[in-house]
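*Asks:*
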Amino acid sequence: MPDQSPVEATRRRLTGKRADTVLKLGAATVEVLGEVGYSELTVPLVAAKAGLARATAYIYFSSKEHLVAEVYWRRLTTATPPANDSPEMIERVVSVLRYLALNVADEPEFAAAVTQALLSNDSDVEQLRFQISREIHRLLVAAVGSEGSSRDVGLLELVYTGAMVRAGMGHLSYGEVADQLEAAARQILA
1 MPDQSPVEAT
11 RRRLTGKRAD
21 TVLKLGAATV
31 EVLGEVGYSE
41 LTVPLVAAKA
51 GLARATAYIY
61 FSSKEHLVAE
71 VYWRRLTTAT
81 PPANDSPEMI
91 ERVVSVLRYL
101 ALNVADEPEF
111 AAAVTQALLS
121 NDSDVEQLRF
131 QISREIHRLL
141 VAAVGSEGSS
151 RDVGLLELVY
161 TGAMVRAGMG
171 HLSYGEVADQ
181 LEAAARQILA
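Letter by letter, the sequence shown follows residues 1 to 190 of UniProt numbering.
#1: What do you get for residue 36, buried or exposed, if any count of 16 or more other CB atoms within 10 angstroms of its CB means buried?
#2: Are the CB atoms of residue 88 and residue 125 nearer to each other than 7 Å?
#3: With distances taken between CB atoms, is the gap from residue 191 to residue 68 smaller than 7 Å?
#4: Cα-Cα, which of 142, 56, 22 and 28 is closest to residue 95?
#5: Output the residue ranges of the alpha helix (DSSP H) runs that lie fully inside the UniProt domain "HTH tetR-type" (19-79) and measure 4 residues or longer, sorted by chain position.
#6: My output table needs one value for residue 172: the three-state DSSP class, helix, strand or coil.
#7: Between residue 102 and residue 178, is the Cβ-Cβ spacing less than 7 Å?
#8: For the candidate residues 19, 82 and 92, whose alpha-carbon lies nearest to that of residue 56?
#9: Given that a residue counts as buried once 16 or more other Cβ atoms are within 10 Å of its Cβ, and exposed if not, what is residue 60?
#10: Among 144, 107 and 27, which one has its Cα closest to the Cα of residue 85?
#11: Within its chain, find whatever has a CB closer than 7 Å to the CB of residue 148; leave out the 5 residues flanking it on each side and keep chain order.
#12: For residue 108, I'd like the list of residues in its chain whose CB is within less than 8 Å of its CB, leaving aside the five on either flank, ordered along the chain.
#13: Can you tell me whether residue 70 is buried or exposed? The criterion is at least 16 other CB atoms within 10 Å of its CB, across all chains shown.
#14: Taking only the alpha-carbon atoms, compute the straight-line gap between residue 195 and residue 163 and give it to the nearest angstrom.
#15: Which term fits residue 41, buried or exposed, when burial requires 16 or more other beta carbons within 10 angstroms of its beta carbon?
Written out as C-alpha cells, the structure is:
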C-alpha cells in the first residue's frame, strides 16, 4: 500500500497550490460548522467561506462527509500526541487514549460532524476511515510496545470506537469518554 502523507488523502496527490486549496477548504469547513452546524453544512457553503468556486471544492471533495472526514484525518495525522515515555505501559496507553478522546472536545459541532461523517457510506470516507483506523492502531501499538499483545490493541481499539460513537451521539461528554477509556484500559491491561 502506498504511503499517504497528510496532503494526499483526497482523490489525488497534492502539492503546492492544490495542497493549499485543500487546507483552505478544511479550515472553512470547521468555520462553517461552527456557524450553521452539520445539518446545514454544504460543499458550496464551504467553498464560499474559503473564497473558492464550488466547482473547485468538488474537484477535491465529493460530499460534506468527505470534507469533515478529511479535516479530522489531517488533524489526527499532523498533530503531535503528548510525549509520554513512561516505563509503564498503562500510562502510555492512557495518554494516547485521552489524547484521541479529547482531540475534538473543544469543538462540539465539529465533533458531532466527525461522528456522522465517519459513519456515512461515502466511498471517499471509507478510504479515510481506513487511514484514521490505521493511525489510531499505530498510536496504540506504539503505546503498548512489546509488553502487550495484538489482542490488547484490538480490544482498546474496539472500546475507543464505541466510546467515541457514544460521545458523538451526545450520550457522554468527551471528558467523560476520556475517563471511561482510562478505566477500560486499566481493566483490559491489568
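The beta-carbon is built from N, C-alpha and C at its ideal position, and this holds for glycine as well. Just so you know, these numbers come straight off a predicted model, no measurement behind them.
*Replies:* Inspection of the coordinates gives the following:
#1: exposed
#2: no
#3: Any question about residue 191 goes unanswered here, given that the chain covers just 1 to 190.
#4: Of the listed residues, the one whose Cα sits closest to residue 95 is 142.
#5: Unbroken alpha helix (DSSP H) runs of no fewer than 4 residues, entirely contained in the UniProt domain "HTH tetR-type" (19-79), are found at 43-50, 54-60 and 64-78, following chain order.
#6: coil
#7: yes
#8: 19
#9: buried
#10: 144
#11: 89 and 189
#12: none
#13: Taking every protein chain shown into account, the CB of residue 70 has 16 or more other CB atoms within 10 angstroms, so this residue is buried.
#14: Outside the modelled stretch of the chain, which goes from 1 to 190, sits residue 195, for which no answer is possible.
#15: buried
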